[in-house]
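Take a look at the structure set out below.
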Amino acid sequence: MDLKLEGYPIFLKDPVKTLSLLPKQGYSNVNYLAITENARYLLRKLQPNQIDRSFEYRVQHRAYQRKLGAKPIYYDEENDLMISDFLEGEHKSRLTPRELRTLAFAVRKLHKIKLRTKPYRFKKAFKPKHTKALHALRKLNKEPKELVLTHHDLNPRNILFHNQKVKFIDWEYTRLNDRYFDLATIAAEFKLTDKEERYFLRSYFKNSTRTNLKKLHLYKALYTILCSLWFKNLDAASHLSIESVEMPSFRT
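Heads up, the working numbering is the position in the sequence shown plus 1397, with the first residue counted as 1.
If you want it as structure tokens, here you go:
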């Protein structure tokens, strides 16, 4: 694909020498690695959908300011292209206690970002009615709500470990939701044991008494159902955007 990069200011004095597709691609973007004489950049050709990309770009700016994400360079709305620094790092499927603690601190820091957006609506995601999901939601209604800006897609492919630090990528599904949704996503994706879950929550809450394993497990159940529904919808309607089938993405 000809991305016509010559017109972008960052490439005028430092032109692209090589442009290659990344080996692993997501469902919402086509990702390229651009290498110049002095830098490496991630180029994301954004696929048509109902995602608010300008909001995504703002979120990434805030994350970068807090050293939680790549530096955003340019968002070309007309040509559906987003450019940022290329982050080095490793995706992990299992975590050591130290890595789990580092991740907990990073998520806590992420949840302190303040941006206005609409809260995520679970009931809309579970149309038609899903008995197990609605049962979990009824139980969650009895728990205290802790709305924060969540990443909303913290699967291992969106988490990078480098030099004992954690950074996050792919912010397109960032939503206002309960903090436990992100925490439960990590618990589910990394298959944390009961002991690891307790340690993860203690690290996140800095050993306070606010940890709530019941709430974590309810959100884990919801996350698991959402994933199964999302993949089912992806198989049935791969040509549709995630939002058009009223499902969030958990694999970007």
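Every residue gets a Cβ at the ideal spot worked out from N, C-alpha and C, and that includes glycine. Being a predicted model, the structure only gives us computed values, none of them experimental.
Beta-carbon proximity check, residue i vs residue j, cutoff 9 Å
i	j	result
residue 1440	residue 1416	yes
residue 1501	residue 1620	no
residue 1585	residue 1542	no
residue 1448	residue 1569	yes
residue 1537	residue 1626	no
residue 1514	residue 1548	no
residue 1472	residue 1498	no
residue 1400	residue 1455	no
residue 1553	residue 1489	yes
residue 1460	residue 1510	yes
residue 1443	residue 1411	no
residue 1467	residue 1566	yes
CA-to-CA distance, residue j to residue i, given in whole angstroms
i	j	result
residue 1623	residue 1522	8 Å
residue 1407	residue 1479	13 Å
residue 1418	residue 1465	24 Å
residue 1518	residue 1425	21 Å
residue 1469	residue 1484	11 Å
residue 1545	residue 1463	16 Å
residue 1363	residue 1590	With the chain covering only 1398 through 1649, there is no way to say anything about residue 1363.
residue 1528	residue 1587	26 Å
residue 1428	residue 1607	40 Å
residue 1403	residue 1433	12 Å
residue 1592	residue 1494	11 Å
residue 1445	residue 1486	28 Å
residue 1594	residue 1520	27 Å
residue 1420	residue 1610	37 Å
residue 1405	residue 1422	24 Å
residue 1475	residue 1496	40 Å
residue 1550	residue 1526	23 Å
residue 1562	residue 1599	19 Å
residue 1530	residue 1414	50 Å
residue 1560	residue 1535	42 Å
residue 1516	residue 1605	26 Å
Residue environment, residue i, which counts as buried when at least 16 other CB atoms sit within 10 Å
i	result
residue 1457	buried
residue 1555	buried
residue 1491	exposed
residue 1532	exposed
residue 1564	buried
residue 1582	buried
residue 1639	With a pLDDT of 33 at residue 1639, under the threshold of 50, the modelled position of that residue is not reliable, and the figure given next carries that caveat. So residue 1639 ends up on the buried side.
residue 1612	buried
residue 1580	buried
residue 1409	exposed
residue 1481	buried
residue 1453	buried
residue 1637	Its pLDDT being 37, under 50, residue 1637 is placed unreliably by the model, and the measurement read from it follows with that caveat. Result: exposed.
Residue i: first and last residue of the uninterrupted alpha helix (DSSP H) it sits in
i	result
residue 1441	Here residue 1441 belongs to no alpha helix (DSSP H); instead the beta strand (DSSP E) covers 1437 to 1443.
residue 1595	1591 to 1601
residue 1417	From DSSP, residue 1417 is part of no alpha helix (DSSP H) but of the beta strand (DSSP E) over 1413 to 1418.
residue 1499	1494 to 1507
residue 1584	1576 to 1586
residue 1537	1528 to 1537
residue 1471	No alpha helix (DSSP H) contains residue 1471, which is instead part of the beta strand (DSSP E) from 1469 to 1473.
residue 1452	1450 to 1462
residue 1519	1519 to 1522
For residue i, the first and last residue of its enclosing beta strand (DSSP E)
i	result
residue 1559	1556 to 1559
residue 1480	1478 to 1482
residue 1405	No beta strand (DSSP E) contains residue 1405, which DSSP labels as neither H nor E.
residue 1432	1426 to 1433
residue 1564	1562 to 1565
residue 1544	1544 to 1547
inquiry  = Is it the case that the region 1563 to 1581 contacts the region 1502 to 1511, given that we only count it when at least three CB pairs across the two stretches are under 8 Å?
reply    = The answer is yes - the region 1563 to 1581 touches the region 1502 to 1511, with three or more Cβ pairs under 8 Å.
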